[in-house]
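Colleague: Following the working numbering, the residues of the sequence shown are numbered contiguously, the last one being 164.
Note that beta-carbon positions come from the ideal geometry of N, C-alpha and C, so glycine has one too.
This structure is a prediction, so every number in the text was calculated from the model and none was measured.
Before anything else, here's the structure in question.
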Amino acid sequence: MSQRLDYYSASPGAMKAMIGLEALSSRLSIEPGLLHLIKIRASQLNGCAFCTDMHSVDARRLGESERRLFAVAVWRDSGFFTPRERAALAWTEAVTLLAESQVPDEVFAQARAVFSEEELVDLTLAISTINSWNRLAVSFRQSPGS
């Protein structure tokens with residue numbers, strides 16, 4: 019599979035805005051390790067090999083274990099994640115699969131129980147941002163390591 023186009027050079031202004039949004043979401047109230055977990059899960063759901071790979075590597079650099087990284091795709095069936103992480107992963111799935119899920123009340127209640135209002139908005143912004151990156155990378159066939 020070859021890359022269809024280089025979206026950075028094709029639309030530098032748009033990419034500058036995306037980079038700014040990414041930088042902002044990384045400076046908000048959600049801890050970096052958790053940000054990588056939600057980025058990995060959203061990227062898995064969206065079939066984005068590039069972002070799944072990149073955020074797995076970044077998470078390892080922050081000290082995340084391989085065992086937990088391998089379990090992100092099956093987080094519900096593993097005991098490796100804290101209640102806060104589980105709520106964030108459930109929220110990530112619901113927000114990423116918006117058309118299917120409509121973000122159920124029970125998922126909101128689970129997230130609201132462990133995240134402040136500010137954190138929940140920040141988490142949602144981070145999920146929205148990775149979903150945008152996934153759409154760019156998948157649409158234009160950016161592959162891991164490129």
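Taking the beta carbon of residue 44 as the centre, do at least 16 other beta carbons fall within 10 Å, making it buried, or is it exposed?
Modeller: Taking the first residue of the sequence shown as 1, we reach residue 44 at position 26. Its Cβ having fewer than 16 others within 10 Å, residue 44 is exposed.
Colleague: Pick from 33, 28 and 129: whose alpha carbon is nearest that of residue 147?
Modeller: For the purposes of this step, residue 147 is taken as the residue at position 129 of the sequence shown. Selected option, being the one with the closest Cα: 33.
Colleague: Taking the continuous alpha helix (DSSP H) assigned at residue 118, which residues delimit it?
Modeller: Against the sequence shown, residue 118 aligns to sequence position 100. Counting along the chain, the alpha helix (DSSP H) containing residue 118 begins and ends at 116-119.
Colleague: Using three-state DSSP, classify residue 152 as helix, strand or coil.
Modeller: If you number the sequence shown from 1, residue 152 lands on position 134. Of the three classes helix, strand and coil, the one that applies to residue 152 here is helix, per DSSP.
Colleague: Is the CB-CB distance between residue 107 and residue 56 below 8 Å?
Modeller: Start at 1 with the first residue of the sequence shown, and residue 107 comes out as number 89. Start at 1 with the first residue of the sequence shown, and residue 56 comes out as number 38. Their beta carbons are under 8 Å apart, which means residue 107 touches residue 56 by this criterion.
Colleague: Taking the alpha-carbon of residue 112 as reference, which of 88, 49, 134 and 64 has the nearest alpha-carbon?
Modeller: In the sequence shown, the residue the question calls residue 112 occupies position 94. Of 88, 49, 134 and 64, the residue nearest in Cα terms is 64.
Colleague: Might you give, ordered along the chain, the residues of its own chain that have their beta carbon closer than 6 Å to the beta carbon of residue 54, omitting 5 neighbours on each side?
Modeller: Translated into the one-based positions of the sequence shown, residue 54 becomes position 36. Closer than 6 Å at Cβ, skipping near neighbours: 73, 76 and 77.
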